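A quick write-up on the structure given underneath.
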Amino acid sequence: MLSSNDLNDLVGAICATAETLGQTVSASAAQMIAEDLAHYSVEEIAGALRSCRRELTGKLTLASIMQRIQAADGRPDPNEAWGIALASSDESDSVVTTDEIQLALGAARPILLAKDKIGARMAFISAYSRFVDAARREAKPVNWSLSMGFDPQRRLMAVQEGVRMGRLSHEAAKEYGLQLIHEPITNDGLAIAGLLSGSPAAKPSEKMRARWQEVRKAITDKTAERKKQADIRAARERKKLRVARAKAERAAIKAGQLTREPGHA
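Each number in our numbering corresponds to the 1-based position in the sequence shown with 1037 added.
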């Protein structure tokens, strides 16, 4: 949720963005747009306004801003979502998936079980689009979770892939690691799950331990660096919003002075 200062900065940024598109937006209209966007982060809104300035050929509207925010929310497009859904329908496989994919797969599963893959895909994409649209209207962030198959090794691989792609946090990976300890097939699998969770339940070989420690360090470093860069970007975008607001205010003052001059004459 944006603070009052962020809202004020956003009003100025909206006016300035509209100006770059050859459009004038009143302060009251910009205030209404800013309030409708208040549940998004500064970084998300700033990125959307930047995209509008680069891409938009028509008027700046609330819909055009929200469209760009939603496109960057991390949800996979329908085709990628269908691929994830198919992988999760394999009982032996494990995959990192979203709430909307799971709901849409539930709607398409009877058709998929009837061996009509084309019909199942059409039903899935239709349902997925509805669920995604509903989630975006409510400004729900994407929620990635692990859909676990019965093969423990594939579970571990899915967790690693989820972390690598930024879809699972290191904390979530540790939590899943604790769950995976209970159903290992091999001693190595148990050891890997223990190292992932931070609570080893079996002793791995020295080679395996060294390799996994490198993976853990890389995951931790990447997460910390991502947070650092996100903080830097957020601070930079706040500064840009303040500058844009000041520019819009100066333009408004100048426009007011120009309007009064003919009257004085």
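Even glycine gets a Cβ: it sits at the ideal position worked out from N, Cα and C.
Model, not experiment: these values are computed from the prediction.
Report back the beta-carbon spacing between residue i and residue j to the nearest angstrom; my notes put them in contact at under 8 Å.
i: ALA1285; j: CYS1052; result: 4 Å
i: ALA1145; j: PHE1168; result: Not a contact, Cβ separation roughly 12 Å.
i: ALA1064; j: LEU1044; result: Going by Cβ atoms, the distance from ALA1064 to LEU1044 rounds to 12 Å, so no, they are not a contact pair.
If you draw a straight line from the alpha carbon of residue i to that of residue j, how long is it in whole angstroms?
i: SER1234; j: GLY1203; result: For SER1234, the pLDDT reaches just 48, beneath the cut-off of 50, and the residue's location in the model is therefore unreliable, leaving the point undetermined.
i: ARG1282; j: LEU1047; result: 7 Å
i: ARG1275; j: ALA1083; result: 8 Å
i: LYS1211; j: LYS1265; result: 21 Å
i: THR1094; j: TYR1213; result: 46 Å
i: SER1088; j: ARG1279; result: 18 Å
i: SER1041; j: LEU1150; result: 52 Å
i: GLN1060; j: GLU1198; result: 45 Å
i: THR1135; j: ARG1273; result: 31 Å
i: ALA1160; j: LYS1152; result: 13 Å
i: SER1101; j: GLU1092; result: 10 Å
i: SER1182; j: MET1069; result: 35 Å
i: LYS1291; j: PRO1178; result: 41 Å
i: LYS1277; j: GLY1293; result: 24 Å
i: ARG1287; j: GLU1262; result: 38 Å
Which word fits residue i, buried or exposed, when buried means at least 16 other C-beta atoms lie within 10 angstroms of its C-beta?
i: PHE1187; result: exposed
i: GLU1137; result: buried
i: GLY1120; result: exposed
i: ALA1109; result: exposed
i: PRO1189; result: buried
i: ALA1118; result: buried
i: ALA1171; result: exposed
Given a cut-off of 8 Å on the beta-carbon distance, is the pair residue i and residue j in contact?
i: LEU1205; j: VAL1133; result: yes
i: ARG1105; j: THR1057; result: no
i: ARG1173; j: SER1131; result: no
i: ALA1075; j: MET1038; result: yes
i: HIS1207; j: VAL1196; result: no
Sort the options by Cα distance to residue i and report the nearest one.
i: ASN1116; options: GLN1107, PRO1147, ALA1157, MET1103; result: ALA1157
i: ARG1270; options: VAL1200, VAL1062, LEU1193, GLU1080; result: GLU1080
i: LEU1099; options: ALA1118, PRO1113, VAL1062; result: VAL1062
i: ILE1155; options: ALA1272, LEU1123, THR1135; result: LEU1123
i: ALA1289; options: GLY1049, MET1038, LEU1039, SER1041; result: GLY1049
i: SER1163; options: VAL1280, ALA1195, ALA1109, GLY1143; result: GLY1143
i: PRO1147; options: ALA1172, TYR1077, SER1126, GLU1092; result: SER1126
i: SER1184; options: GLN1139, ALA1055, GLU1175; result: GLN1139
i: ASN1180; options: ARG1112, ARG1273, SER1041; result: ARG1112
i: ALA1055; options: LYS1096, SER1040, ASP1073, MET1069; result: LYS1096
i: ALA1267; options: SER1078, SER1040, ALA1176; result: SER1078
i: MET1194; options: ARG1273, GLU1092, SER1129; result: SER1129
i: ASP1114; options: ILE1102, SER1166, MET1159, ALA1160; result: SER1166
i: ALA1176; options: ILE1102, LYS1277, ALA1272, GLN1107; result: GLN1107
i: ASP1073; options: MET1159, MET1103, GLU1092; result: MET1103
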